[in-house]
Amino acid sequence: MRRDDGLDLLLLLRRPFGLLFILGRGALILTTIPPLALAVSILHVINRRRAAQLLRAYLERMGGGFVKLGQFLATRFDLVGSEYCSELMNLLDQARPLPSGTILRIVRVSLGPDLFSQFARIEPSPLGSASIAQVHAATLRDGTAVVIKVRRPGIVRLLQADLFFLRLLSAIPLVPGVDLASIVQGLAEVTQEELDFRREARSTQQMHQLLASDEIDHRAPAVFGHLSNDNIITLERFEGVWVKELIAAVASNDTTRLTEWRAIGISPERTARLVLRSFLEQTIGHRVYNADPHPANLIVLKGGTLGWVDFGIVGVLDERTWRQQFSLRLAVAQNDVDRAYQGLVEMLEPLPARDLTSFELSTKAAIAEWISSAKDPWASATEKSIGVFLMNVFKAARRWGITLPTALTRLYRAMIIGDSAMLSLDPQVDWTVVLREFAVEESAKQLRKAFSVYSPSALVLTAEVISDVPAAARQLIERAWRLSETGRTYQGNLSALERSFLLAVRSLKRLLLLASVLVISTLIWPQTSWSHYLKDFAANRMILIAAITLVLLRLLSRLEAGLEGD
6 MRRDDGLDLL LLLRRPFGLL FILGRGALIL TTIPPLALAV SILHVINRRR
56 AAQLLRAYLE RMGGGFVKLG QFLATRFDLV GSEYCSELMN LLDQARPLPS
106 GTILRIVRVS LGPDLFSQFA RIEPSPLGSA SIAQVHAATL RDGTAVVIKV
156 RRPGIVRLLQ ADLFFLRLLS AIPLVPGVDL ASIVQGLAEV TQEELDFRRE
206 ARSTQQMHQL LASDEIDHRA PAVFGHLSND NIITLERFEG VWVKELIAAV
256 ASNDTTRLTE WRAIGISPER TARLVLRSFL EQTIGHRVYN ADPHPANLIV
306 LKGGTLGWVD FGIVGVLDER TWRQQFSLRL AVAQNDVDRA YQGLVEMLEP
356 LPARDLTSFE LSTKAAIAEW ISSAKDPWAS ATEKSIGVFL MNVFKAARRW
406 GITLPTALTR LYRAMIIGDS AMLSLDPQVD WTVVLREFAV EESAKQLRKA
456 FSVYSPSALV LTAEVISDVP AAARQLIERA WRLSETGRTY QGNLSALERS
506 FLLAVRSLKR LLLLASVLVI STLIWPQTSW SHYLKDFAAN RMILIAAITL
556 VLLRLLSRLE AGLEGD
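Each residue of the sequence shown is one higher than the last, beginning at 6 in my numbering.
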């Protein structure tokens, strides 16, 4: 047992009726989990689909932390088989609504009479009722339309109890072959975030500012900080069509509603592309993203603007992860299967010390098939799905003992959920077009940042470029050596190609040397004639360019020596 488990239990016992609650909930869990695990294990051998159905039904009936556990498992394709993921995706998260009187009492007590008086009306019927919170429309005294998100009373106690007992029982193989202990730990971290309403309010306001700062047609609601605290969050109200409603209309071919929505600028096709484009901007452009892009958390405003709500789970990409993700997306956008594979493998945990040829071949085949399906107008949504693609990759990874780093599970979970929404809106969408457009725009943006005189990150980004050059040059040298050896072996056309390549390298070296002389002379003798033409460009960048040039000259010398051989 971890030290935190004992602390959670102590806090629960100190609450009114805490002991009775712990005993009752614990008895239910301890008496039902072992037989469930046995039944699932047996069915897992006979019929995995039935085993997954039984597990889903149990988790749904238990509610609380068990529903969260099922939702968490549903997107762990790297740990759980496809049958379980598909079934657990169907887990409902619709809790019984709290009475309106209870909601009013929580808001009144949480805010106090003075702040509570700022509300002119709180609608009695909820807009949504989930396992952790309930959302109601409201109107302020000045006529501002808002929504209030109210945390369910007792939910902290329930989730703490469930997580405590799940940790105790994590040694029991509830899902065969799955390390439940690590899953419960990840679940505890996510749940803790969702329960922290002050953190969610800060995240929502941050996303409100970030999405307003770019050129994408998306928005996040503003937060009324003075009307928010540990138990409630008051937000700007978005009016429009929920993406889940759009998906339902597409699935049922409801032409009447779809026509009405098109008249006000809302279409499923445009929304599908906007979901992808917005998520790309969040992850790569801002490096902060909504980690739960569920259709119930997305709304399309009049005119087609995409609204994001519910920032209970937010992801952040560090510099290394961001660079890996950007490189991977560039490779996919350019149909470079080998580079996409290398980028995917780079993000995995240290690979086992054995021959992974089979894994490489199967993964590259999956990447090529996935990219090809995206361009095929007759391909099914399943074939275009990133969820299915990742499922195939992780299925192969599991066979080789390769697991996904914990830091990336949140990102891939969000990608799978958002991808599912996109394909449900437009099964024929060609997401590669959106990805290519984004790759071009983002590459240009990063280049402008790198060479901006006033950018504080110019030195850092340029250093990163310089640090990446040696690795690329080493690969080029190795290929040149292999080419040289091949040419000598066959004594044919490749030898001529080798000589042409050597000549090109020497010419490039001379060109760079001449550029270096011009740059250095501009710095030493600023009054020379050529410096007059270069002075604007040379202002604050020449030192950086000179450094890059000198590095390239050194590398080209090594390349030239390698090509000349013995």
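Ideal placement from N, C-alpha and C gives every residue a C-beta, glycine not left out. For clarity, every value in this text was computed on a predicted model and none was experimentally measured.
Contact check, residue i vs residue j, beta carbons under 7 angstroms
i       : j       : result
Arg-172 : Val-189 : yes
Ile-237 : Ser-385 : no
Gly-141 : Ile-160 : In the sequence under discussion, the amino acid at residue 141 is His, which differs from the Gly named in the question. Cβ atoms of His-141 and Ile-160: not closer than 7 angstroms.
Lys-389 : Ala-379 : yes
Ile-421 : Gly-392 : yes
Phe-243 : Gly-312 : yes
Leu-216 : His-223 : yes
Gly-245 : Leu-306 : yes
Gly-61  : Leu-25  : Reading off the sequence, residue 61 comes out as Arg, not Gly. No. Outside cutoff.
Arg-441 : Gly-320 : no
Arg-282 : Val-438 : no
Val-293 : Gly-423 : no
Ala-138 : Leu-168 : no
Arg-113 : Phe-124 : no
DSSP state of residue i mapped onto helix, strand, coil
i       : result
Leu-25  : helix
Gly-11  : Residue confidence for Gly-11 is low, a pLDDT of 43 falling below 50, so the modelled location carries little weight and cannot support an answer.
Phe-331 : helix
Trp-266 : helix
Ser-134 : strand
Ala-426 : helix
Ala-296 : coil
Thr-491 : Residue placement at Thr-491 is flagged as unreliable, the pLDDT there being 40, under the threshold of 50; a coordinate-derived value is accordingly withheld.
Trp-383 : coil
Val-458 : At Val-458 the pLDDT is 47, less than 50, meaning the model places this residue with poor confidence and gives no usable figure here.
Glu-365 : helix
Ala-468 : Per-residue confidence for Ala-468 stands at a pLDDT of 47, beneath the threshold of 50, marking its modelled position as unreliable; no derived number is given.
Gln-139 : strand
Leu-409 : coil
Phe-542 : Reliability fails at Phe-542, whose pLDDT of 47 lies under 50, so the model's placement of it is uncertain and the value that follows must be treated cautiously. Looking at Phe-542 - three-state DSSP - the assignment turns out to be helix.
Gly-191 : helix
Leu-251 : helix
Gly-308 : coil
Gly-320 : strand
Gly-230 : helix
Glu-483 : Residue confidence for Glu-483 is low, a pLDDT of 44 falling below 50, so the modelled location carries little weight and cannot support an answer.
Leu-303 : strand
Arg-224 : strand
Gln-197 : helix
Gly-245 : strand
Reference residue i; option with closest CA among the options
i       : options                            : result
Ala-227 : Phe-394, Val-321, Phe-316, His-141 : Phe-316
Leu-335 : Arg-415, Phe-364, Gln-451, Glu-388 : Gln-451
Val-45  : Gly-29, Leu-28, Arg-30, Leu-64     : Leu-64
Pro-448 : Leu-285, His-49, Asn-397, Ile-421  : It should be pointed out that residue 448 corresponds to Ser in this sequence rather than to Pro. For the residues Leu-285, His-49, Asn-397, Ile-421, the minimum Cα distance to Ser-448 belongs to Leu-285.
Val-445 : Gln-339, Thr-260, Gly-423, Gly-133 : Gln-339
Thr-107 : Pro-129, Leu-120, Ser-91, Glu-92   : Pro-129
Leu-33  : Phe-77, Phe-170, Asp-235, Gly-75   : Phe-170
Ser-367 : Gly-230, Phe-399, Leu-333          : Phe-399
Gln-197 : Gln-165, Ala-186, Arg-418, Leu-174 : Gln-165
Asp-341 : Lys-369, Val-350, Leu-428, Glu-351 : Lys-369
Tyr-590 : Met-396, Glu-365, Pro-410          : As displayed, the chain neither begins before 6 nor continues past 571, which places residue 590 out of reach and without an answer.
Leu-41  : Pro-382, Ser-134, Met-67           : Met-67
Gly-290 : Gly-309, Thr-260, Gln-330          : Gln-330
Span of the alpha helix (DSSP H) around residue i
i       : result
Ser-70  : Checking the sequence, you will find Gly at residue 70 rather than Ser. Taken as a continuous stretch (DSSP letters only), the alpha helix (DSSP H) holding Gly-70 covers 70-79.
Gln-210 : 202-218
Phe-170 : 160-173
Val-434 : That residue, Val-434, is in no alpha helix (DSSP H); it is neither H nor E in DSSP.
Arg-344 : 342-351
Leu-96  : Element bounds for Leu-96: n/a, residue is neither H nor E.
Thr-598 : Since the first residue shown for the chain is 6 and the last is 571, residue 598 is missing from the structure and cannot be characterised.
Arg-54  : 53-67
Ile-391 : 391-404
Thr-276 : 273-285
Beta strand (DSSP E) segment containing residue i, residue limits
i       : result
Ile-237 : 237-241
Arg-156 : 150-156
Leu-311 : 311-313
Arg-126 : 124-127
**Q.** Validate contact between the region 296-304 and the region 324-338 using beta carbons, cut 8 angstroms, 3 pairs
**A.** no
Q) Touch check for the region 249-264 and the region 422-437: three-plus C-beta pairs under 8 angstroms? A) Short answer: they touch.
Q. Between the region 350-365 and the region 404-413, do three or more beta carbon pairs fall short of 8 angstroms?
A. yes
(Q) I want to know whether the region 262-271 touches the region 339-351 - three or more CB-CB distances under 8 angstroms. (A) no
(Q) So, does the region 202-218 touch the region 65-73, judging by three or more C-beta pairs under 8 angstroms? (A) No: fewer than three Cβ pairs fall under 8 angstroms.
(Q) Whether or not the region 267-274 and the region 241-252 are in contact is what I'm after, with contact meaning three or more pairs of Cβ atoms, one per stretch, closer than 8 angstroms; do they touch? (A) yes
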